[in-house]
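Okay, so here's the structure we're looking at.
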Amino acid sequence: MNEQEIIEGCLQGESSSNRAMVEAYGNLVLSVALNVIGNRQDAEDICQETFLQVFRRLDRYDRARSFKTWLLTIAYRRSLDMLRKKRRFSEFSARVRFEPAVVGRGGNLRPADPEPLPSALLKRLSPRERTALSLWANEGYTARDISEVLACSASTARVYLFNARRKIKALLENDHGLLQNG
Amino acid sequence: MERCPRCQARLLSREEARGLLVAPDQMGDPADLWRRIAPQVGRSAGLPDTPPVAAGARWRWAAAVATGLVVAATGFWLLHETGGPGYGPSLAGPAERFEIAYVNIGGAPAQTFVYQPQGSDTVFVWAQKTP
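For the protein sequence lines, the chains are F and Y, in the order given.
Residue numbering for the first sequence follows my numbering, beginning at 1 and increasing consecutively.
Residue numbering for the second sequence follows my numbering, beginning at 1001 and increasing consecutively.
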């Protein structure tokens, strides 16, 4: 099933096409979200929300554009939403008094998953820089392609990518231990 | 800049970046993703595109009607029980201590926090999926 057939099938509500789309692009969306967010659980949530939004709004997709880029644009926006939500919670929790003794945990929690990324490095980048770096490195995107996802000009996307490459390179040269620790 | 070897030496190469980032082919089986998404897309997602059998529909109706009856009976009983003496807002004092045993999200124990701003009687409960 090629891309156009998958899209047509999804527009007609065929579950086999929905499945084909997730299997064709799921790992791509998940990897981009993971590179931006740095947390597997959140990345899976973003992936799920992205595809649900795609299935609902596929009729708005402009076929003159790359489907993959449209999909990644949605995934990127969902990732930003997730980061904003987390930031709001952090600000909220900083303002109120924490009462840890009140609540039990109610069961055996899983041990924390190992961080999938060398997050010590990637945390030095803004979400836009991380997205630009991920699309450039993994997908071979140019600055123009990246600008479509980030909704900015190509020159701005080029700056994000340049800054990301420069910062990480400098960090790697200054602290080789980051890679091992990350 | 892109053709200047000295400038390029100050920038992360594509290969170096790939070594730091997660790639799509490291993400595992995409069928797992579909199993997670399918229930959200719809009950028929992931199944053959055939209409559900009539017997299934009848059972769903029966279950819905039974649930409705249980809810109605419980509501009636509660109204009847709380309508008598001993019940009423005048007897309900403010709770001195707020407790939650645990919170589940999606069938798994959630990280749960209770906050009370200084000098306030307001209590905020925040529950989130365990990372």
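Ideal Cβ positions, reconstructed from N, Cα and C, are used throughout, including at glycine.
Mind checking if Leu1078 (chain Y) is an interface residue toward chain F, Cβ cutoff 8 Å exclusive? no
The alpha helix (DSSP H) spanning Tyr25 (chain F) covers which residue range? 15 to 37
Buried or exposed: Glu1015 (chain Y), going by 16 or more other Cβ atoms within 10 Å of its Cβ? That one is exposed.
Can at least three beta-carbon pairs, one atom from the region 40 to 48 of chain F and one from the region 69 to 83 of chain F, be found at a separation below 8 Å? yes
Under three-state DSSP, which class holds Arg105 (chain F)? Because the pLDDT of Arg105 (chain F) is 45, which lies under 50, any placement of that residue in the model is unreliable, and the question is left without a value.
How would you call Ala1062 (chain Y), buried or exposed, if buried means at least 16 neighbouring beta carbons within 10 angstroms? exposed
Secondary structure at Ile1037 (chain Y), three-state DSSP: helix, strand or coil? helix
Assuming Tyr160 (chain F) contacts Leu150 (chain F) (C-beta within less than 8 Å), just tell me the rounded distance between them. 7 Å
Determine the chain F residues that contact Pro1030 (chain Y) at a beta-carbon separation under 7 Å, and present them in chain order. Listed along the chain, the chain F residues whose CB falls inside 7 Å of the CB of Pro1030 (chain Y) are Val22, Glu23, Gly26, Asn27.
CB contact flag (Gly26 (chain F), Pro1030 (chain Y), <8 Å): yes
Pairwise C-alpha distance: Arg60 (chain F) and Ser1090 (chain Y): Annotation note: pLDDT 47 at Ser1090 (chain Y) (below 50); position unreliable, coordinate value reported separately. Their backbone Cα atoms lie some 56 Å apart in a straight line.
For Val1123 (chain Y), three-class secondary structure by DSSP: coil
Close Cβ partners of Lys1128 (chain Y) (< 7 Å) along its chain, the five nearest in sequence each way excluded: Reading off the sequence shown, one finds Gln at residue 1128 (chain Y), where the question assumed Lys. Excluding residues within five positions, the ones whose Cβ falls inside 7 Å are Ala1110, Gln1111.
Short-range partners of chain Y found in the region 127 to 156 of chain F, where Cβ spacing is below 9 Å: Against chain Y - using a Cβ distance shorter than 9 Å - the residues of the region 127 to 156 of chain F are Arg130, Leu133, Ser134, Trp136, Ala137, Asn138, Glu139, Gly140.
In chain Y, which residues lie with their C-beta within 9 Å of the C-beta of Ser31 (chain F)? Leu1021, Val1022, Ala1023, Pro1024, Asp1025, Gln1026, Met1027
Residue closest to Leu83 (chain F), alpha-carbon to alpha-carbon, out of F:Val36, F:Ala170, F:Leu52: Minimum Cα distance to Leu83 (chain F) is reached at F:Val36.
Who are the neighbours of Lys169 (chain F) on chain Y, taking C-beta pairs under 8 Å? What Lys169 (chain F) touches in chain Y: Arg1010, Leu1011, Leu1012, Glu1016.
Does Arg166 (chain F) come out as helix, strand or coil in the three-state DSSP assignment? Residue state, collapsed to three classes: helix.
Using a Cβ cut-off of 7 Å, pull out every chain F residue sitting near Ile1105 (chain Y), in sequence order please. Listed along chain F is no residue with a C-beta nearer than 7 Å to that of Ile1105 (chain Y); the closest approach is about 11 Å.
Would you identify the three-state DSSP class for Ala1108 (chain Y), choosing helix, strand or coil? strand
Could you check the C-alpha separation between Thr1067 (chain Y) and Ala1073 (chain Y) for me, to the nearest Å? Whole-angstrom Cα-Cα distance: 10 Å.
Chain-ordered neighbours of Phe51 (chain F) on chain Y, where CB pairs are closer than 7 Å: Ile1037
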